[in-house]
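Enquirer: The opening position of the sequence shown corresponds to residue -19 in our numbering, with each subsequent residue numbered one higher.
This is the structure, below, for whatever I ask next.
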Amino acid sequence: MLNTVLRSVSSSAFMIAIVAAAGLCGCSARVDQRGNLPEQDKLAEIHAGSTTQDQVRKILGTPSSTGIFDNASWYYISKKTEQVAFLDPDTTDQQVYVINFDGRGVVRSVDHKTLQDGRDIVSAPGATPAPGRELTFVEQVLGNIGRFGGSGGSKGSGPADGGTRQGPNPYDPNH
């Protein structure tokens, strides 16, 4: 009888251990590495004043991003995040190499930024208003009746079809 009780307890303990192990597996962190982190030996090949944009592209590959208004800055960005279960991911490491070029396309400087150099940007709530008056749903639906089609079959008469736009411009603030 003691033997039966011990078997029952050991099988129950084994089942509890299996369930606990399965539950703990779901709590392990998921690590994601994203981006293009240049290797240090490749970065050592980039020299201010002599390396060109074409040479940088051959050495490091295509940048993650470029400057918004010009092509004078290239960004090589790498980011490492960890996420536990259903929680939001946390950024644990971020490396950004900024390569600035002069007007001739030659490297002017190479800057290195880390996670500590970053800033949190809080977006403003709400929406940006568009110019002109706001159309209601009914105005939008009824405003397009008769505007397209006509005697030419299924071909429209809008600007995309070589025709001219007919009717008032609903986006004109003076209308």
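Glycine included, every Cβ here is placed at the ideal spot set by N, Cα and C.
Quantities reported herein were computed from a predicted structural model and do not represent experimental measurements.
(1) Would you mind working out which of 88, 85 and 16 sits nearest residue 42, comparing C-alpha positions?
(2) Just curious, the beta strand (DSSP E) that residue 15 is in, first and last residue?
(3) Pull the bridge partners of residue 80 from the DSSP assignment, please.
(4) Check this for me: beta carbons of residue 122 and residue 77, under 8 Å apart or not?
(5) Which of helix, strand or coil does DSSP assign to residue 19?
(6) State the start and end residues of the unbroken alpha helix (DSSP H) segment that holds residue 102.
(7) Can you list, in chain order, the residues of its chain whose CB lies under 7 Å from that of residue 52, leaving out five sequence neighbours each side?
(8) Does DSSP classify residue 73 as helix, strand or coil?
Expert: Inspection of the coordinates gives the following:
(1) Nearest option by C-alpha distance: 16.
(2) Residue range 9 to 15 is occupied by the beta strand (DSSP E) that includes residue 15.
(3) Answer is 53 and 89, bridged to residue 80.
(4) No, the Cβ-Cβ distance between residue 122 and residue 77 is not below 8 Å.
(5) Per DSSP, reduced to three states, the secondary structure at residue 19 is coil, with no helix or strand assignment.
(6) First-last for residue 102: undefined, no H or E at that position.
(7) Answer for residue 52: 80 and 81, listed in chain order.
(8) DSSP places residue 73 in strand when its eight states are reduced to three.
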